Structure formats: structure tokens, C-alpha cells
Amino acid sequence: MSEALVVWLKATPVSEAMRTSQFIWPICETLHFIGLALLIGGAGLIDLRLMGFLKSVSVSAVMQVRKWAALGIAINVVTGVLFFVGAPDQYIENPAWYGKLLFLAVAIVNVVIFETTQGDRMLRLPPGEKTPISFKLAGAVSMGSWLLVLYFGRMLPFLGNAF
Amino acid sequence: MMELLQALEGSAFSTWLRESPSIWAYPTILTLHTVGLGVLVGANWMVDLRVLGFARAIPGSVLTRAFPMMWAGFWLNAVTGALLFVGDPTTKGTTAVFMWKLVMVAVGVALMIALKRRLYGREMDTGPASAGVKAIAATSLVLWIGAIGAGRWMAYV
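In order, the protein sequence lines correspond to chains A and B. Going by this note's numbering, the first sequence opens with residue 6, and the numbers climb by one from there. Going by this note's numbering, the second sequence opens with residue 4, and the numbers climb by one from there.
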């Protein structure tokens with residue numbers, strides 16, 4: 006199954022362009038690192054506030070940077086899919102890649118649970134107010150899982166076979 | 004200069020940085036360099052974007068709180084960057100794109116200091132930032148993109 010997927014993906018024009026162009030891969034990597042910095046900057050700020058830092062700013066004000074974190078995620082999903090299409094064989098048997106996907110899933114499930122159960126309460130929390138334990142937990146899980154996504158991404162060539 | 008770089012490359016420490024199979028050597032240094040990049044550039048971009056007029060609900064006066072984080076990211080990357088250089092001095096020390104990266108980082112840090120001075124002046128507490136401060140923020144934003152691009156490109160020379 007995965008063998009057939011690899012063969013099929015590598016035969017696509019997008020995959021060939023990713024591998025044969027001298028510039029597309031490094032440009033996508035640069036974009037991937039730009040997305041990484043937007044995500045750490047945006048999500049990191051929100052996570053710190055949820056964990057109880059920067060109390061003088063209301064949670065709803067801090068949430069205004071969420072769109073920049075979302076832009077970072079969007080850039081990285083697009084470039085990440087391009088890397089996978091370009092060289093699927095270096096990810097599909099790479100333990101670091103599965104670690105990355107696992108903690109990406111943890112980060113997404115965490116934010117969905119938090120938004121659906123605490124979303125309204127979060128936006129009403131005034132400046133100077135301490136955050137409840139559920140907020141601190143969600144912030145810590147978010148920061149920890151994004152850092153692990155970065156860790157396993159960076160480890161793709163070392164724990165596995167990626168270049 | 005080249006003799007100096009070659010002597011450095013021949014040192015036991017340089018060889019260890021380059022050839023150690025340990026996950027705690029090169030891979031960990033590289034990972035920490037990436038974390039430092041995210042913290043420094045990510046925090047600086049959030050300040051830049053706020054100065055440029057986004058996320059206005061965040062008070063201008065709290066932006067100074069982001070600077071210790073940027074400095075933490077900077078020093079983490081100064082140390083890990085120096086180690087990465089020591090592991091590969093004859094290539095990095097003679098590569099134009101590496102020099103460009105250093106110049107962009109130096110100017111980026113200078114702009115970060117300039118921005119901090121102006122934010123301590125509480126310029127943004129009463130209204131939008133002046134055109135001069137916005138110009139600093141916009142230049143900073145673009146320079147970090149250049150520094151990241153140059154850093155990535157170093158893997159291909």
C-alpha cells in the first residue's frame with residue numbers, strides 16, 4: 006500500500022519539480038522556517054498568557070495574534086505536503102516523521118478541545134486576572150507539543166533517513 | 004586567515020562536533036539553533052506587527068516584555084551558531100552567504116535595540132506608532148526573512 010503510494014506520488018509532476026529544481030526545495034525550506042517562527046511567536050505568546058504570564062494583557066487581546074500563528078501553520082502544512090510529495094520514501098519509514106505527526110495531532114486536538122469547552126470563558130477573562138488551571142494545562146500542552154513537532158522535524162535526518 | 008580556519012578545523016573539538024555519532028552533538032546543537040531562531044524571530048515579529056498596527060488591543064507598553072525572550076533566543080543562537088561554525092570553519096568561513104547572514108543578523112539585532120529604546124519612550128501608549136518607528140519594524144521584519152533564507156541556503160553551498 007505505502008509502496009504503491011510512494012511510486013504514484015513520485016511520478017507526479019509536482020514531485021518531479023520538487024526533486025529536480027535547484028531552487029524549489031530550499032525556497033520551501035525557507036518558507037517552512039518562516040512559518041515555524043510565526044508559529045512559535047504567535048502560539049508561544051498565547052500559550053504564555055494561558056499559563057499565567059503577561060497578566061496585564063487580557064486573554065482576548067493576546068488572541069489577536071492567533072491569525073499569525075494560523076498563517077504559520079498554513080504555510081508549514083503546504084510546504085510540508087510539498088516535501089512529502091517530493092520525497093515520500095524519506096518520510097514514510099522515518100520514525101521522526103511519525104513523532105512529528107503524533108505531536109501535531111496532539112497540538113490540534115488540544116486547541117479544539119480548549120476552544121470548544123473554554124472558548125467563551127477565555128474571551129471574557131479580564132486583564133490582570135489569573136488563569137484557571139484548565140487554561141494553564143492547555144497552554145502547557147500546546148507549547149510542549151509544538152516544541153516536540155519542531156524537535157522531531159529537525160531530527161528527520163538524524164533519527165531517520167531524510168536529507 | 005585560511006591557515007587559522009584549517010587549524011580550527013583540525014582541532015579535536017571541531018572533529019568531535021563534526022563526526023560524533025551522538026544525538027547530543029551536532030543534531031542537538033542544530034535543534035537548539037532552530038528553537039532560538041523561533042524564539043528570537045517569532046517574538047520580534049509579533050512586536051514588529053504590533054508596531055505596524057496589527058493586534059491593537061495589546062497595549063504598546065507591554066511590548067518591552069518580549070525583549071528578554073528575544074535576547075534569550077539571540078544568546079542561545081550565538082552560542083549554538085559559534086559551535087556550528089567551529090565544526091565546519093573552512094566552508095562557512097569562506098562562504099559569501101554566511102557573511103550575508105551575519106550582516107543581516109547584526110543589523111536585525113541593532114534594529115531590535117533601536118525599537119526597544121523607542122518603546123521604552125512609551126510612544127505607542129497614546130496612539131499609533133510614528134512613521135519612523137514603523138519603518139524600523141518593517142525593516143526588521145524583512146531582515147529576519149533574509150537571515151532565515153541565508154541560513155537555509157548555507158546547507159546548499
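Every residue gets a Cβ at the ideal spot worked out from N, C-alpha and C, and that includes glycine. Keep in mind it's a predicted model, so treat the numbers as computed, not measured.
Determine whether the Cβ of residue i lies closer than 8 Å to any Cβ atom of chain B.
i                     : result
residue 34 (chain A)  : yes
residue 160 (chain A) : yes
residue 46 (chain A)  : yes
residue 103 (chain A) : no
residue 31 (chain A)  : yes
residue 95 (chain A)  : no
residue 147 (chain A) : no
residue 116 (chain A) : no
residue 38 (chain A)  : yes
residue 43 (chain A)  : yes
residue 123 (chain A) : no
residue 22 (chain A)  : no
residue 55 (chain A)  : no
residue 130 (chain A) : no
residue 5 (chain A)   : With chain A running from 6 to 168 in the structure shown, residue 5 (chain A) is simply not present.
residue 49 (chain A)  : yes
Between the C-alpha atoms of residue i and residue j, what's the straight-line distance to the nearest angstrom?
i                     : j                     : result
residue 111 (chain B) : residue 9 (chain A)   : 47 Å
residue 87 (chain B)  : residue 24 (chain B)  : 15 Å
residue 143 (chain A) : residue 56 (chain A)  : 8 Å
residue 88 (chain A)  : residue 97 (chain A)  : 12 Å
residue 119 (chain B) : residue 70 (chain B)  : 7 Å
residue 95 (chain A)  : residue 159 (chain B) : 19 Å
residue 34 (chain A)  : residue 25 (chain A)  : 15 Å
residue 145 (chain A) : residue 64 (chain A)  : 15 Å
residue 62 (chain A)  : residue 136 (chain A) : 12 Å
residue 149 (chain B) : residue 114 (chain B) : 14 Å
residue 172 (chain A) : residue 164 (chain A) : What is shown of chain A runs 6 to 168, which leaves residue 172 (chain A) out entirely.
residue 12 (chain A)  : residue 32 (chain B)  : 35 Å
residue 151 (chain B) : residue 104 (chain B) : 8 Å
residue 18 (chain B)  : residue 12 (chain B)  : 7 Å
residue 168 (chain A) : residue 160 (chain A) : 10 Å
residue 114 (chain A) : residue 26 (chain B)  : 30 Å
residue 147 (chain B) : residue 94 (chain B)  : 23 Å
residue 66 (chain B)  : residue 111 (chain A) : 30 Å
residue 137 (chain B) : residue 18 (chain A)  : 43 Å
residue 138 (chain A) : residue 48 (chain A)  : 18 Å
residue 64 (chain B)  : residue 42 (chain A)  : 23 Å
residue 101 (chain A) : residue 109 (chain A) : 12 Å
residue 66 (chain A)  : residue 126 (chain A) : 14 Å
residue 123 (chain B) : residue 128 (chain A) : 29 Å
residue 117 (chain B) : residue 38 (chain A)  : 25 Å
residue 122 (chain A) : residue 151 (chain A) : 21 Å
residue 145 (chain B) : residue 53 (chain A)  : 26 Å
residue 99 (chain A)  : residue 7 (chain A)   : 13 Å
residue 30 (chain B)  : residue 140 (chain A) : 33 Å
residue 73 (chain A)  : residue 29 (chain A)  : 24 Å
Looking at the C-beta of residue i, does it have a partner C-beta in chain A at a distance below 8 Å?
i                     : result
residue 159 (chain B) : yes
residue 148 (chain B) : yes
residue 44 (chain B)  : yes
residue 122 (chain B) : no
residue 21 (chain B)  : no
residue 61 (chain B)  : yes
residue 116 (chain B) : no
residue 92 (chain B)  : no
residue 131 (chain B) : no
Please confirm whether residue i and residue j have their CB atoms less than 8 Å apart.
i                     : j                     : result
residue 100 (chain B) : residue 49 (chain B)  : no
residue 80 (chain A)  : residue 40 (chain A)  : yes
residue 61 (chain B)  : residue 68 (chain B)  : no
residue 39 (chain B)  : residue 8 (chain B)   : no
residue 93 (chain A)  : residue 14 (chain A)  : yes
residue 20 (chain B)  : residue 89 (chain B)  : yes
residue 44 (chain A)  : residue 78 (chain A)  : yes
residue 51 (chain A)  : residue 70 (chain A)  : yes
residue 109 (chain B) : residue 55 (chain B)  : no
residue 5 (chain B)   : residue 43 (chain B)  : no
residue 31 (chain A)  : residue 155 (chain B) : yes
residue 41 (chain B)  : residue 155 (chain A) : yes
residue 107 (chain B) : residue 153 (chain B) : yes
Quick one: residues in its chain with C-beta nearer than 6 Å to the C-beta of residue i, no 5 flanking neighbours on either side, listed in chain order?
i                     : result
residue 15 (chain B)  : none
residue 91 (chain A)  : 20, 23 and 24
residue 75 (chain A)  : none
residue 60 (chain A)  : 133
residue 46 (chain B)  : 69, 72 and 73
residue 102 (chain B) : none
residue 119 (chain A) : 143
Beta-carbon within less than 7 Å of residue i's beta-carbon, same chain only, minus the 5 sequence neighbours each way: which residues are those?
i                     : result
residue 116 (chain A) : 147
residue 143 (chain B) : 47, 51, 111, 114, 115 and 118
Within a Cβ cutoff of 8 Å, which residues of the same chain sit near residue i, ignoring the five residues on either side of it in sequence?
i                    : result
residue 84 (chain B) : 36
residue 97 (chain B) : 5 and 8
residue 85 (chain A) : 37
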